[in-house]
Amino acid sequence: MYDVHKIRADFPILAREVNGKPLTYLDNGASAQKPRVVIDAVTNAYAHEYSNVHRGLHYLSNVATEKYEAVRGTIARFLNAPSEDEIVMNSGTTEGINMVAYGWAMPRMEPGDEIVMSVMEHHANIVPWHFLRERQGVVLKWVDVDASGALDPQAVLDAIGPRTKLVAITHCSNVLGTVVDVKSICAGAREKGVPVLVDGSQSAVHIPVDVADLGCDFYAITGHKLYGPSGSGAIYVRRERMEEMRPFMGGGDMIREVSK
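Okay, so the sequence shown: first residue is 3 according to the working numbering, each after it adds one.
Laid out in C-alpha cells, this is it:
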C-alpha cells in the first residue's frame, strides 16, 4: 500500500508550513525536493570525506574518487548503459546537451546541415542549437505535435533529409507530459545514418530507461529532478560517438603535461 505520509516524512522540507498550511510541493517537474538520505549523504561528504576527485594521492582524495566513480557505475546500471565508460558526469541536462552541441555537433556541421527537433523541446534542447544556427548556419527543422499533444515518430523520421546530421528530441515533455516513442525514432534514424540525442530530464524520473534498448546515441539526465543534489547530472554517450567527440572544456586532469 502506498503510504503518502511515510513518503512525506522522508522529506524534511515538507514538515514546514506555508501561509499557515502544510507545504504541498507540486513543482517537481522543475526541481525535486531532497529526501533526508540525500541531505545526510551530502552533509557527511562535506563534513568527513571532502577532497579533490582524481587530483590527489592521499587518503581523502582516494575515498572521494572511489565514491565518485561508484556513482558512474550506478548511473550506468540505472540507464542500462553497456559500459561505465559511456557515462559522462556533468552539472545536469543543460550541460550534457551543450557537450553534444560543442563537442560533437559543432566540429562536424557545416552551413546548411540540419538538426531535427520537436516544437515541445525544453529550452535546454533549443538554445544550444540556436547558437549553432547563428554561428555556423545550421538549419533547425521543427516537427509539430497533433491536437492531443502527441508526437508522431514517423513525422520526425519524414523530416530527416540528406543533410540532417542530428535528431534532438525529448523523451517526455516538461509541459505536456507527452511520452515520445523515441525507440521508433532511434531505429528509423539509425537506418538513415543519423544520430539521436534524447533529453531524458523528465522521463528518467517516471519511467524505466534502457538506453541499449532505445538505441539512442546520447541520453542526458539531471540529478536535481531525481531527488539528487543541485548541480549534478550525466549523459550517456554511445562509444562510437564518444570517440568522435572533442573536449567541451579545457582544464586539469585531461592532459599528460602542459607547456608554454
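The beta carbon of each residue, even a glycine, is placed where N, CA and C say it ideally should be.
Handout entry: For PRO24, three-class secondary structure by DSSP
Key = To locate residue 24, count along the sequence shown from 1; it is residue 22. Three-state result, PRO24: strand.
If you reduce the DSSP assignment to three classes, tell me which class ILE162 lands in. What you label residue 162 is simply residue 160 of the sequence shown in a count that begins at 1. Looking at ILE162 - three-state DSSP - the assignment turns out to be coil, as it is neither helix nor strand.
*Thinking just about the alpha-carbon of each residue, which of LEU81, VAL207, PHE250, ALA161 is nearest to the one in ASN272?*
Outside the shown range of the chain, which is 3 to 262, sits residue 272, and nothing can be said about it.
Would you call SER232 buried or exposed, if buried means 16 or more other Cβ atoms sit within 10 Å of its Cβ? For the purposes of this step, residue 232 is identified with residue 230 of the sequence shown, where counting begins at 1. Its Cβ having fewer than 16 others within 10 Å, SER232 is exposed.
Inset, instruction - Could you name the residues of the same chain whose beta carbon sits closer than 8 Å to that of PRO263, not counting the 5 residues immediately before and after it, in chain order? - result: Within the shown structure, residues of the chain are numbered from 3 to 262, placing residue 263 beyond reach of any answer.
### Message
Quick check on GLU97: does DSSP put it in helix, strand or coil?
### Response
Sequence index remark: in the sequence shown, residue 97 carries index 95 (1-based). Note: GLU97 maps to helix in three-state DSSP.
Assigned secondary structure, ASN82 (DSSP; H/G/I helix, E/B strand, else coil) = Numbered from 1 along the sequence shown, position 80 holds the residue referred to as residue 82. DSSP places ASN82 in coil when its eight states are reduced to three.
task: Quick one: which unbroken beta strand (DSSP E) runs of 3-plus residues sit fully inside the segment 84-158? Chain order, please.
output: 89-92, 116-120, 141-145
What residue does the beta strand (DSSP E) around GLY235 start on, and which one ends it?
To locate residue 235, count along the sequence shown from 1; it is residue 233. Element bounds for GLY235: 235-239.
Spatially closest choice to ALA263 from ARG10, MET3, VAL121, by CA coordinates: Given that the chain is displayed from residue 3 to residue 262, the structure contains no residue 263 and the question cannot be resolved.
So, with DSSP's three-state summary, where would you put ASP201?
The residue labelled residue 201 in the question sits at position 199 within the sequence shown. In the structure shown, ASP201 sits in a strand (DSSP, three-state: E or B).
**OP:** Alpha carbon to alpha carbon, how far is ARG10 from GLU19? Give it in angstroms, no decimals.
**Re:** The sequence position of residue 19 within the sequence shown is 17, counting from 1. The sequence position of residue 10 within the sequence shown is 8, counting from 1. Using only the alpha carbons, I get a separation of about 13 Å.
Review point. So what does THR224 bridge to, in DSSP terms?
Key: Translated into the one-based positions of the sequence shown, residue 224 becomes position 222. In the DSSP output, where bridge partners are listed per residue, THR224 has GLY235.
Report yes if the CB atom of GLU88 is closer than 9 Å to the CB atom of TYR238, and no otherwise.
Position 86 of the sequence shown holds residue 88. Position 236 of the sequence shown holds residue 238. Yes, the Cβ-Cβ distance between GLU88 and TYR238 is below 9 Å.
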